[in-house]
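K.L.:
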Amino acid sequence: MLAALEALGIDRAAAEPGVRLGPPKNRDHGDVALGAFQLAKAAKKAPPALAGELATAITPDDVIESVSAAGPFVNFRFQRAALAQEVVGAVQNEAAPYGPAESTDQVVCIDYSSPNIAKPFHIGHMRSTVIGNSLRRIHRHLGATVHGINHLGDWGMPFAKMMTAYMRFGNEEQLHASPMRYMFELYKRYGKAAEAEPALDEEAAAHFRALESGEDNEERRMWQMLRDESLKAFQGPYDRLGVTFDHITGESFFEDKMAGAMERVTKAGVLEESDGAEVVWLKEQGIKQPCILRKSDGTTLYHTRDLAAVFYREQTFSPTRILYVVGAEQKLHFDQLKGVLKKMKEGIADAVEHVPFGLVLSRGEAGKWEKFASRAGNAVFLDEILDEAVAKVRTIIAEKNPDLPDADAVAEQVGVSAIVFNDLKASRIKDVKFDWDSMLAFEGDTGPYVQYACARLSSILRKAETPVPAIDAIDFAQLVDAERVLLTMMDFGTVVQRAADQSEPSAITNFTLALAGEIHSYLREHHVLGAEPAVRDARLVLVDAARRLLTTALDLLGIPAPGQM
Ligand code: ARG
Numbered sequence: 023m024l025a026a027l028e029a030l031g032i033d034r035a036a037a038e039p040g041v042r043l044g045p046p047k048n049r050d051h052g053d054v055a056l057g058a059f060q061l062a063k064a065a066k067k068a069p070p071a072l073a074g075e076l077a078t079a080i081t082p083d084d085v086i087e088s089v090s091a092a093g094p095f096v097n098f099r100f101q102r103a104a105l106a107q108e109v110v111g112a113v114q115n116e117a118a119p120y121g122p123a124e125s126t127d128q129v130v131c132i133d134y135s136s137p138n139i140a141k142p143f144h145i146g147h148m149r150s151t152v153i154g155n156s157l158r159r160i161h162r163h164l165g166a167t168v169h170g171i172n173h174l175g176d177w178g179m180p181f182a183k184m185m186t187a188y189m190r191f192g193n194e195e196q197l198h199a200s201p202m203r204y205m206f207e208l209y210k211r212y213g214k215a216a217e218a219e220p221a222l223d224e225e226a227a228a229h230f231r232a233l234e235s236g237e238d239n240e241e242r243r244m245w246q247m248l249r250d251e252s253l254k255a256f257q258g259p260y261d262r263l264g265v266t267f268d269h270i271t272g273e274s275f276f277e278d279k280m281a282g283a284m285e286r287v288t289k290a291g292v293l294e295e296s297d298g299a300e301v302v303w304l305k306e307q308g309i310k311q312p313c314i315l316r317k318s319d320g321t322t323l324y325h326t327r328d329l330a331a332v333f334y335r336e337q338t339f340s341p342t343r344i345l346y347v348v349g350a351e352q353k354l355h356f357d358q359l360k361g362v363l364k365k366m367k368e369g370i371a372d373a374v375e376h377v378p379f380g381l382v383l384s385r386g387e388a389g390k391w392e393k394f395a396s397r398a399g400n401a402v403f404l405d406e407i408l409d410e411a412v413a414k415v416r417t418i419i420a421e422k423n424p425d426l427p428d429a430d431a432v433a434e435q436v437g438v439s440a441i442v443f444n445d446l447k448a449s450r451i452k453d454v455k456f457d458w459d460s461m462l463a464f465e466g467d468t469g470p471y472v473q474y475a476c477a478r479l480s481s482i483l484r485k486a487e488t489p490v491p492a493i494d495a496i497d498f499a500q501l502v503d504a505e506r507v508l509l510t511m512m513d514f515g516t517v518v519q520r521a522a523d524q525s526e527p528s529a530i531t532n533f534t535l536a537l538a539g540e541i542h543s544y545l546r547e548h549h550v551l552g553a554e555p556a557v558r559d560a561r562l563v564l565v566d567a568a569r570r571l572l573t574t575a576l577d578l579l580g581i582p583a584p585g586q587m
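Its first residue numbered 23, the sequence shown is counted upward by one per residue in my numbering.
1) For a quick check, are the C-beta atoms of VAL593 and ALA567 less than 7 Å apart?
2) Report back the beta-carbon spacing between SER90 and ALA77 to the nearest angstrom; my notes put them in contact at under 8 Å.
3) Any heavy atom of the ligand ARG closer than 6 Å to the Cβ of GLY175?
4) Given 6 Å as the limit, tell me if ASP155 has its C-beta closer than that to any heavy atom belonging to the ligand ARG.
5) Taking only the alpha-carbon atoms, compute the straight-line gap between PHE464 and GLU241 and give it to the nearest angstrom.
6) Between TYR357 and the ligand ARG, is there a pair consisting of the residue's CB and a ligand heavy atom that are separated by less than 6 Å?
7) What are the residues that DSSP puts in a beta bridge with PRO346?
8) Does the Cβ of VAL348 lie closer than 6 Å to at least one heavy atom of the ligand ARG?
9) ILE482 and LEU551 look like a contact to me (Cβ under 8 Å); what is the Cβ gap, rounded to whole Å?
10) Starting from the Cα of PHE230, find the closest Cα among GLU217, ALA536 and GLU277 and give me that residue.
11) Verify whether the separation of the beta carbon atoms of ILE160 and ALA522 is less than 7 Å.
12) For ALA398, which of helix, strand or coil comes out of DSSP?
13) Compute the Euclidean distance between the alpha carbons of GLU421 and GLY469, then round it to the nearest angstrom.
14) Compare the C-alpha of LEU43 against each of GLU547, LEU562, HIS542 and VAL517 and name the closest.
15) Select from ARG478, HIS163 and TYR324 the residue whose C-alpha is nearest the C-alpha of GLY585.
16) Would you call the region 278 to 292 and the region 450 to 460 touching, i.e. three or more CB-CB distances under 8 Å?
17) Comparing C-alpha positions only, which one of ASP176, ASN532 and ALA486 sits nearest to GLU554?
18) VAL130 and PRO341 look like a contact to me (Cβ under 8 Å); what is the Cβ gap, rounded to whole Å?
19) Can we count PHE48 as close to the ligand ARG, meaning its CB is less than 6 Å from some heavy atom?
20) Should ILE581 go down as buried or exposed, given a rule of 16 or more other Cβ atoms within 10 Å for buried?
21) Under three-state DSSP, which class holds ALA255?
22) Would you tell me roughly how many angstroms separate the C-alpha atoms of ARG49 and ARG203, rounded to the nearest one?
23) Decide if ARG397 is buried, meaning its Cβ has at least 16 other Cβ atoms within 10 Å, or exposed.
24) Is the CB-CB distance between LEU579 and LEU408 below 7 Å?
25) Cα separation between ALA330 and ALA475?
26) If distances are taken between C-alpha atoms only, which option among ASN97, SER150 and ARG561 comes closest to VAL347?
27) Enumerate in chain order the residues of its own chain whose CB-to-CB distance from GLY515 is below 7 Å, with the five nearest sequence positions on each side excluded.
28) Which residues in the same chain have their Cβ closer than 6 Å to the Cβ of VAL472, if we skip the five residues on either side of it in sequence?
29) Quick check: the region 247 to 265 against the region 186 to 202, are at least 3 beta-carbon pairs closer than 8 Å?
30) Are the beta-carbon atoms belonging to LEU72 and ALA64 less than 7 Å from one another?
31) For the beta strand (DSSP E) that HIS169 lies in, which residues bound it at each end?
Here is the structure:
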């Protein structure tokens, strides 16, 4: 193809970056499409004209069966045996995009999960945790240097309120016994007490000042203890979800970096005084509320910590992107953060990207979808939700496959994954409907469905009782009728890139559903183990490649692929 470009007088080296292949709008047009836009620019021609010329200049060969132009696109159709050999071979060799890419110059910071430790773990934090975890895996796969950061909410007034509640009513034994639940009790108790006694907020503010003084006092010791207990409690759900971080740098980490950040804002000349507070106005950017960076009592805010964090990340990691996986309700916060950086003319402003997502909805009393709330009140204990999912899957397995070895371990994998998959299924900005029956179904667009497809492939390979045949011994002409599976597999690279560019793990979730669907259809019509040797071997190689790719795709979502279920 590059040779054909040369024949048309386009410089090979200049053309190469413009050669972007992707799935065509309509698979009837071809297997892959080349948009001629950039090449046409280089050749100083109209894209449809160049597409036409290219289509005529490229001659079919052992690999390319036919070429045609459709508007500004050139569509290619591959010889079926060559297609099979190319895709299956690349998957087996873990060549990019099927395996991890070589490192690139992309450095991506991903700020996710980031719960407030003095408040119950919100269901929204589960979404942030799961989406961020997947983005981290996706960018790694694409060769970026990735810093997964848990920006724990372990500072500020919310924390001071918890501390005040603990100092007033707390009991260490109860705290250690069940930290999350006990802190939730304290949180509720504080709310009630503050209603009756508004001065309580004053007391909390005083405790926060004492904490921010940096002295080794009771507040500091209390802070340390509550933070340690919370972190220990979060670790359970993090482990079960397969979530890890490269850095756990909460808001408190920036305590000694805020003065420097404030100095930088002051020097930039954008800080103004307003009722004793220090703020940055952003009206000229269409943002009505000012960004408050220091309160009149001298204490700092959530924004101040985020600003210090941007500077710290810029200096420490030199990121090309900083992704903030935080609910859509914080849009203003991140608009303001980016706005302040822009007003300061900081180049890092361009790297700051809010990755918002929708709510989790559950069915309320009247059967209407409403904001998720558990029966226990307004708290959502993630470990309880996970336990419930696992218990339900355990029951399903007991019915469907009572002899399954390691049934408890499989139920854990499938139950937890069902929730993760449900969360990542639709475009992240949409609200997620939390409905047990639909997310646990083994048929439908669910995690269990995809995991089952994977387990089915593993089971064929196990029953074959021979190692997967070597690629060079395969007659790929035997796979001409697997074109739908192969073409779906071939889209993987485009899909992963889109997931990274748009911060949309849903692109990958949909890929796994499409591939699982094609595999099930293929296996419905084609026997593997009973087929004659040449056919069986070719199909075994296909089954192995599909299993590998499905496993990789699930891994990018943070979902394990059980070998049996
Ligand atoms: N702790 C915050 C909350 O629960 C989320 C923090 C998100 N990250 C950030 N850098 N602001 O609302």
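Note that CB positions come from ideal geometry on N, CA and C, so glycine has one too. Since we're looking at a predicted model, the values are computed, not measured.
P.N.:
Let's see:
1) Outside the shown range of the chain, which is 23 to 587, sits residue 593, and nothing can be said about it.
2) 6 Å
3) yes
4) For the record, residue 155 in the displayed sequence is Asn; it is not Asp. Checking every heavy atom of the ligand ARG against the Cβ of ASN155, none is found closer than 6 Å.
5) 51 Å
6) The question names Tyr, yet the displayed sequence has Asp at residue 357. It does not: the Cβ of ASP357 is nowhere closer than 6 Å to a heavy atom of the ligand ARG.
7) Per the sequence shown, residue 346 should be read as Tyr rather than Pro. DSSP lists ASP133 and HIS376 as partners of TYR346.
8) yes
9) 7 Å
10) GLU277
11) yes
12) Bear in mind that the predicted position of ALA398 carries a pLDDT of just 47, short of 50, making it too unreliable to give a figure here.
13) 19 Å
14) VAL517
15) ARG478
16) no
17) ALA486
18) 6 Å
19) Strictly speaking, residue 48 in this sequence is Asn, with Phe absent from that position. Not so, every heavy atom of the ligand ARG lies at least 6 Å from the Cβ.
20) buried
21) helix
22) 54 Å
23) Low confidence applies here, because ARG397 scores a pLDDT of 48, under 50, leaving its location unreliable; read the following figure in that light. By the 10 Å Cβ count, ARG397 comes out exposed.
24) no
25) 47 Å
26) SER150
27) PRO119
28) THR534 and ALA538
29) yes
30) no
31) 167 to 171
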